[in-house]
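**Q**
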Amino acid sequence: MNHVFKPLILFIITMILGFQVIHAEEGCLGCHQERKGFSIFHDPRQLGCSSCHLGNPEASEENLAHRGLEAFPGRMGSLDQTCGRSGCHEAQVLRVRFSVMHTVDGMLETTRRIFGEEQPIDQHHLELSKKLDQSGADSYLRKLCVSCHLGNEKRKHGQSLKARGGGCVACHLEYPQKPEKTEHPRLTVEVDNLRCFGCHSRSGRISLNYLGLAEVEEVDPERIQDFGRLPDRRLVERKAADLHSLAGMACIDCHTSRELMGNGIRDESGIDIQCLDCHRAELAKKPLNRLTPEENLYAALQPGRFFYSDSAEVTVTRRHGSALYHVRESVSPLGKKRRLLTGKVSGKELEIPLFKQGLHHNLNGHERLTCDSCHAAWAPQCYGCHIRYDANQKQWDHLLDRKTPGRWIESRWAVEASLPALGVDESGRITTFVPGMNLILEKPGINEKVRHQLFSALSPHTTRLDGRSCNGCHQSDSALGIIHEHVTHPDHPEWILPRGWIDEGQKTPGASSHPEARSLNVYEIQKIRRVGDCLSCHAKEDVIYQDFKSWRSTLPVNHPSY
Numbered sequence: 233m234n235h236v237f238k239p240l241i242l243f244i245i246t247m248i249l250g251f252q253v254i255h256a257e258e259g260c261l262g263c264h265q266e267r268k269g270f271s272i273f274h275d276p277r278q279l280g281c282s283s284c285h286l287g288n289p290e291a292s293e294e295n296l297a298h299r300g301l302e303a304f305p306g307r308m309g310s311l312d313q314t315c316g317r318s319g320c321h322e323a324q325v326l327r328v329r330f331s332v333m334h335t336v337d338g339m340l341e342t343t344r345r346i347f348g349e350e351q352p353i354d355q356h357h358l359e360l361s362k363k364l365d366q367s368g369a370d371s372y373l374r375k376l377c378v379s380c381h382l383g384n385e386k387r388k389h390g391q392s393l394k395a396r397g398g399g400c401v402a403c404h405l406e407y408p409q410k411p412e413k414t415e416h417p418r419l420t421v422e423v424d425n426l427r428c429f430g431c432h433s434r435s436g437r438i439s440l441n442y443l444g445l446a447e448v449e450e451v452d453p454e455r456i457q458d459f460g461r462l463p464d465r466r467l468v469e470r471k472a473a474d475l476h477s478l479a480g481m482a483c484i485d486c487h488t489s490r491e492l493m494g495n496g497i498r499d500e501s502g503i504d505i506q507c508l509d510c511h512r513a514e515l516a517k518k519p520l521n522r523l524t525p526e527e528n529l530y531a532a533l534q535p536g537r538f539f540y541s542d543s544a545e546v547t548v549t550r551r552h553g554s555a556l557y558h559v560r561e562s563v564s565p566l567g568k569k570r571r572l573l574t575g576k577v578s579g580k581e582l583e584i585p586l587f588k589q590g591l592h593h594n595l596n597g598h599e600r601l602t603c604d605s606c607h608a609a610w611a612p613q614c615y616g617c618h619i620r621y622d623a624n625q626k627q628w629d630h631l632l633d634r635k636t637p638g639r640w641i642e643s644r645w646a647v648e649a650s651l652p653a654l655g656v657d658e659s660g661r662i663t664t665f666v667p668g669m670n671l672i673l674e675k676p677g678i679n680e681k682v683r684h685q686l687f688s689a690l691s692p693h694t695t696r697l698d699g700r701s702c703n704g705c706h707q708s709d710s711a712l713g714i715i716h717e718h719v720t721h722p723d724h725p726e727w728i729l730p731r732g733w734i735d736e737g738q739k740t741p742g743a744s745s746h747p748e749a750r751s752l753n754v755y756e757i758q759k760i761r762r763v764g765d766c767l768s769c770h771a772k773e774d775v776i777y778q779d780f781k782s783w784r785s786t787l788p789v790n791h792p793s794y
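If you're matching positions, the sequence shown starts at 233 in the working numbering and goes up one per residue.
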C-alpha cells in the first residue's frame with residue numbers, strides 16, 4: 233500500500249517556517265495590506281516584502297520606501313539579493329547559474345562551429361553578455377537567438393505565450409487568469425506548460441508538437457478548419473497530439489528539477505528522464521533516507537503528490553536517481569496491481585501502461601532503437617534555410633536591449649511535418665533526426681557561400697501508441713535519410729538544397745550538429761533493406777524475423793532476396 237508522507241511533510245514545513253521567517257514588521261504592509269494571492273511559503277506576513285522586492289522597508293514615505301525597489305524579483309541580475317539570499321534558495325540559484333537554460337552553451341558552441349569560428353577557451357563561467365561579441369556567429373546569436381535564456385530581462389508584468397526570460401519567475405510565477413487589482417501573482421512549484429511555451433515553441437517546436445500543432449508556410453484550402461495563427465502570427469496546422477498531452481500531463485510530470493534547473497556543474501545534455509523510468513516492468517527506487525534536501529522540500533510543497541512504498545522507498549530515474557515521488561505502484565480493491573502517476577499540476581491520477589514484451593520490442597536488431605524511433609508520429613522539418621547579413625540595416629540586440637547596426641535575415645522553404653529520418657546518436661543508439669543546419673550561409677566579408685547539410689537528433693514529443701509501421705522504416709528511403717530530390721526557394725532558384733541527409737550508396741555517413749552523431753551507414757542501410765525485401769511477402773508476425781540471419785542463410789541461390 234502507498235502512503236502520503238505526512239510526518240516528514242509536517243516536520244519540513246515547521247523547519248522551513250522556522251528558518252526562513254524574516255522580521256515582517258515592515259512599513260510596506262501599511263500601504264499594501266490589502267494585497268492577496270500569496271502562497272503560504274511567500275506570505276509577506278511571514279517574510280516581509282523586502283526579502284523579495286528589496287527597497288527600504290523601514291521608510292514610511294513612498295519615494296523613500298521604493299528607493300532601490302526590485303520590480304522583478306528572481307531575475308538573474310539580482311538573484312543574490314532576492315531568491316538566492318542566505319536562508320532562502322541559495323543552493324538552487326547556484327545550480328541554475330550553470331544550467332543550459334541560463335548558459336545556453338550548447339547553442340553557442342554549435343552555432344560558432346557552423347560559422348567556422350574558433351571556440352573561446354573556458355567561457356562557461358561568464359555571463360552571456362560577456363561571452364558574445366558583436367561579430368559573426370556571436371552577432372547572429374545576439375540578434376536572433378538569445379531572447380530564450382533565463383538571463384533575458386523581464387520588462388512587463390503578466391504572462392503571455394510570448395513571454396521569455398526573467399530568471400526564477402520565468403517558470404515559478406503564476407499570474408491569475410482574471411486578476412483583481414489587489415491580487416499578487418503566486419510563487420509556485422506547480423509549473424504549467426504555458427511557462428515553457430515562450431521558448432520551447434521555437435527551434436525544435438517541442439511545445440507546439442506536444443499539443444499537436446505544426447508550423448507551416450501555407451493553408452490547405454481543402455482543410456482550412458485545421459489551420460490557425462499563434463499570438464505571434466505564426467501559421468500552424470493541427471496534427472496528432474502527443475498521447476501524454478492528451479492525457480493532461482504537464483511537462484514537469486516527466487522532466488525533473490535536475491534537468492530543468494541544472495545540477496551545479498556544466499552538463500551538455502542534462503537529460504534525466506527516460507520512457508522506461510515509468511513504463512518498465514520494475515521501477516528503480518531509493519530509500520527515503522537518501523532523499524536530497526531539495527527532494528524533501530518538494531515533499532512539503534506538494535503534500536498530496538508525495539508517495540512511497542511499504543518498504544519506505546520512492547521511485548527514481550535510472551540515470552541520476554532523481555525522485556519521481558508522484559509515480560507509485562498500487563493494488564486495486566480487486567487485487568489488480570497498477571502503476572499510477574499523480575499530475576504535479578493537475579492532481580489527476582493516471583494509470584501508466586507497462587512496456588510489453590512483444591515481437592516488435594524483442595526482435596534481433598531492434599535492441600538499439602529508442603522509443604522515439606518507432607513511436608514518434610511526426611516531427612517538424614525544414615529542408616531549406618538561407619542566412620545573410622545586411623550591414624546597412626539595424627536589428628534588435630537582445631543583450632543590449634536596443635537596435636544596433638547590422639541585420640541577419642533568414643529565409644526558409646520546404647517546411648513539413650512528417651515522419652523523421654533515423655540516425656545514430658552519440659551513444660550509438662538509433663533515434664529520430666531532423667534537418668538541423670540544412671543551410672546556405674552568406675557570412676559578411678566572405679564572397680563564397682558556406683553550405684551545410686547537418687541533421688540533429690530530436691525527441692519530437694509526438695508519441696503515439698501505434699508507432700511507425702515496419703514498412704515505414706524497412707521500405708522507406710525517407711526513414712533512412714536518403715536524398716530523393718532537391719528543393720529551391722520559390723523566389724531564388726539558385727538556392728538549391730537536398731531534401732534528405734545522404735546520397736544513395738554514400739560511403740561516408742552524413743554529419744550531425746553533434747560531432748559524434750551521424751546518419752545510418754551503408755552497412756546499416758543494407759541490413760534494414762534486407763528485411764524490407766521480405767516484408768513484401770512475409771507479414772511482420774512471420775516466424776522468419778525471430779532469427780532473420782539464420783533464415784536468410786537457408787535461402788536457395790535463385791531466391792529474389794538471396
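Even glycine gets a Cβ: it sits at the ideal position worked out from N, Cα and C.
Relative to the alpha-carbon of A513, which residue among Q355, K569, Y557, G480 has its alpha-carbon at the smallest distance?
**A** Looking up residue 513 in the sequence shown gives position 281. Taking only the C-alpha atoms, the option nearest A513 is K569.
**Q** Going straight from the alpha carbon of D312 to that of T549, what length do you get?
**A** Translated into positions along the sequence shown, residue 312 becomes position 80. Translated into positions along the sequence shown, residue 549 becomes position 317. For D312 and T549, the distance between alpha carbons rounds to 31 Å.
**Q** Taking the alpha helix (DSSP H) that M333 falls in, what are its first and last residues?
**A** Reading the sequence shown from its first residue, position 101 is the one you call residue 333. For M333, the enclosing alpha helix (DSSP H) begins and ends at 332-335.
**Q** Give me, in chain order, the residues of the same chain whose beta-carbon lies closer than 7 Å to that of G316; leave out the 5 immediate sequence neighbours on both sides.
**A** Position 84 of the sequence shown, counting from 1, holds the residue named residue 316. Result list for G316: E322, V325, in chain order.
**Q** L440 to P289, Cα distance in whole Å?
**A** The count along the sequence shown starts at 1 and reaches residue 440 at position 208. The count along the sequence shown starts at 1 and reaches residue 289 at position 57. When the Cα atoms are used, L440 and P289 turn out to be separated by approximately 44 Å.
**Q** Whose C-alpha, out of Q707, R600, A711, Q613, is nearest the C-alpha of S659?
**A** For the purposes of this step, residue 659 is identified with residue 427 of the sequence shown, where counting begins at 1. Taking only the C-alpha atoms, the option nearest S659 is R600.
**Q** Is it right to say K410 is buried, meaning 16 or more other beta carbons lie within 10 angstroms of its own, or is it exposed?
**A** Indexing the sequence shown from 1 puts residue 410 at position 178. K410 is exposed by the Cβ-count criterion.
**Q** Please report how far the alpha carbon of T720 lies from the alpha carbon of L651, in whole angstroms.
**A** Against the sequence shown, residue 720 aligns to sequence position 488. Against the sequence shown, residue 651 aligns to sequence position 419. Inter-residue distance for T720 and L651 is about 21 Å (C-alpha atoms, whole angstroms).
**Q** Can you tell me which residues form a DSSP beta bridge with K626?
**A** Here residue 626 corresponds to residue number 394 of the sequence shown, with the count starting at 1. BP columns for K626 point to P637.
**Q** If we count the other Cβ atoms within 10 Å of its Cβ and call it buried at 16 or more, is N384 buried or exposed?
**A** As a first step, residue 384 must be located in the sequence shown, where it is residue number 152. With 16 or more Cβ atoms within 10 Å of its Cβ, N384 is classed as buried.
**Q** When you compare each of N670, S271, R498 to T420 by their alpha carbons, which one comes out closest?
**A** Position 188 of the sequence shown, counted from the first residue, corresponds to residue 420. Answer by Cα proximity: S271.
**Q** Just curious, the beta strand (DSSP E) that K569 is in, first and last residue?
**A** Stepping through the sequence shown from its first residue, residue 569 is reached at position 337. Here the beta strand (DSSP E) through K569 covers 569-574.
**Q** G309 by DSSP, collapsed to three states: which one?
**A** For the purposes of this step, residue 309 is taken as residue 77 along the sequence shown, with counting starting at 1. Helix, per DSSP.
**Q** From the DSSP output, in three-state form, read off M481 for me.
**A** Indexing the sequence shown from 1 puts residue 481 at position 249. It is coil, neither helix nor strand.
**Q** In three-state terms, what does DSSP make of A653?
**A** Stepping through the sequence shown from its first residue, residue 653 is reached at position 421. Strand at A653.
**Q** Rounded to the nearest angstrom, what separates R661 and H432 at their Cα positions?
**A** By one-based count along the sequence shown, residue 661 stands at place 429. By one-based count along the sequence shown, residue 432 stands at place 200. Each residue's alpha carbon lies about 25 Å from the other.
**Q** Going by the CB atoms, is the gap between C486 and I505 shorter than 8 Å?
**A** Taking the sequence shown and counting its residues from 1, one reaches residue 505 at position 273. Taking the sequence shown and counting its residues from 1, one reaches residue 486 at position 254. In this structure, C486 lies closer than 8 Å to I505 by Cβ.
**Q** H684 bridges to which residues according to DSSP?
**A** In the sequence shown, the residue the question calls residue 684 occupies position 452. Answer is L671.
**Q** Go through its chain and collect everything with a Cβ distance to F406's Cβ below 7 Å, but skip five positions before and after it.
**A** The residue you call residue 406 lines up with position 174 of the sequence shown. Per the sequence shown, residue 406 should be read as Glu rather than Phe. Excluding sequence neighbours, E406 sits near P417, R418, T420.
**Q** Whose CA, out of H724, H746, S745, L712, lies closest to the CA of G737?
**A** By one-based count along the sequence shown, residue 737 stands at place 505. Here the closest residue by C-alpha is L712.
**Q** Below 8 Å on the Cβ atoms is my guess for S554 versus T488; work out the distance and round it to an integer in Å.
**A** Within the sequence shown, numbered from 1, the residue matching residue 554 stands at position 322. Within the sequence shown, numbered from 1, the residue matching residue 488 stands at position 256. Indeed, because the Cβ distance is near 4 Å, the residues count as touching under 8 Å.
**Q** Where N596 and Q778 are concerned, what is the direct C-alpha to C-alpha distance, given to the nearest angstrom?
**A** To locate residue 596, count along the sequence shown from 1; it is residue 364. To locate residue 778, count along the sequence shown from 1; it is residue 546. One C-alpha to the other measures close to 7 Å.
**Q** Which two residues bound the contiguous alpha helix (DSSP H) that contains F459?
**A** Reading the sequence shown from its first residue, position 227 is the one you call residue 459. Taken as a continuous stretch (DSSP letters only), F459 belongs to no alpha helix (DSSP H), being part of the beta strand (DSSP E) at 459-461.
**Q** Assuming C702 and I760 form a contact by the criterion Cβ under 8 Å, report the distance between their Cβ atoms to the nearest whole angstrom.
**A** Along the sequence shown, read from residue 1 onward, the residue named residue 702 stands at position 470. Along the sequence shown, read from residue 1 onward, the residue named residue 760 stands at position 528. Not really, about 10 Å apart at Cβ, beyond 8 Å.
**Q** Whole angstroms are fine: how far does the CA of R329 sit from the CA of K363?
**A** Taking the first residue of the sequence shown as 1, we reach residue 363 at position 131. Taking the first residue of the sequence shown as 1, we reach residue 329 at position 97. In a straight line, the C-alpha of K363 is about 14 Å away from that of R329.
**Q** Where are the beta strand (DSSP E) runs, 3 residues long or more, that stay fully inside the stretch 511-536, in chain order?
**A** 517-519
**Q** State the beta-bridge partners of W645 as determined by DSSP.
**A** Here the question's residue 645 lines up with position 413 in the sequence shown. The partner list for W645 (beta bridge, DSSP) reads G616.
**Q** Starting from H356, trace the beta strand (DSSP E) in both directions and tell me its first and last residue.
**A** As a first step, residue 356 is located in the sequence shown; it is residue number 124 there, counting from the start. Note, H356: premise wrong, no beta strand (DSSP E); not H, not E.
**Q** With DSSP as the reference, label E454 as helix, strand or coil.
**A** In the sequence shown, residue 454 corresponds to position 222, counting from 1. Looking at E454 - three-state DSSP - the assignment turns out to be helix.
**Q** Specify, as a first and last residue, the run of the alpha helix (DSSP H) that H607 falls within.
**A** Counting from 1 along the sequence shown, the entry for residue 607 is found at position 375. Segment 603-607, the alpha helix (DSSP H) holding H607.
**Q** Between which residues of its own chain and M669 is the CB-CB distance below 7 Å, once the five residues before and five after are set aside?
**A** Here the question's residue 669 lines up with position 437 in the sequence shown. Contacts found: I346, H684, L686, S745.
**Q** Below 7 Å CB to CB, which residues in the same chain sit around Q707 once its five sequence neighbours on both sides are set aside?
**A** Position 475 of the sequence shown, counting from 1, holds the residue named residue 707. Counting only Cβ-Cβ distances below 7 Å, and skipping sequence neighbours, we find G764, L767.
**Q** Could you tell me the alpha carbon to alpha carbon distance between P352 and L376, rounded to whole angstroms?
**A** Counting from 1 along the sequence shown, the entry for residue 352 is found at position 120. Counting from 1 along the sequence shown, the entry for residue 376 is found at position 144. Cα to Cα, the separation comes out at about 21 Å.
**Q** List the DSSP bridge partners of V546.
**A** Here the question's residue 546 lines up with position 314 in the sequence shown. K518, per the DSSP bridge assignment.
**Q** In whole angstroms, give me the CA-to-CA distance for H618 and E726.
**A** The count along the sequence shown starts at 1 and reaches residue 618 at position 386. The count along the sequence shown starts at 1 and reaches residue 726 at position 494. Approximately 11 Å between the Cα atoms of the pair.
**Q** Kindly provide the ranges of any alpha helix (DSSP H) runs that are 4 or more residues long and lie completely inside the stretch 687-727, ordered along the chain.
**A** For the alpha helix (DSSP H) assignment, the uninterrupted runs of no fewer than 4 residues enclosed by the stretch 687-727 are, from N- to C-terminal side, 703-706.
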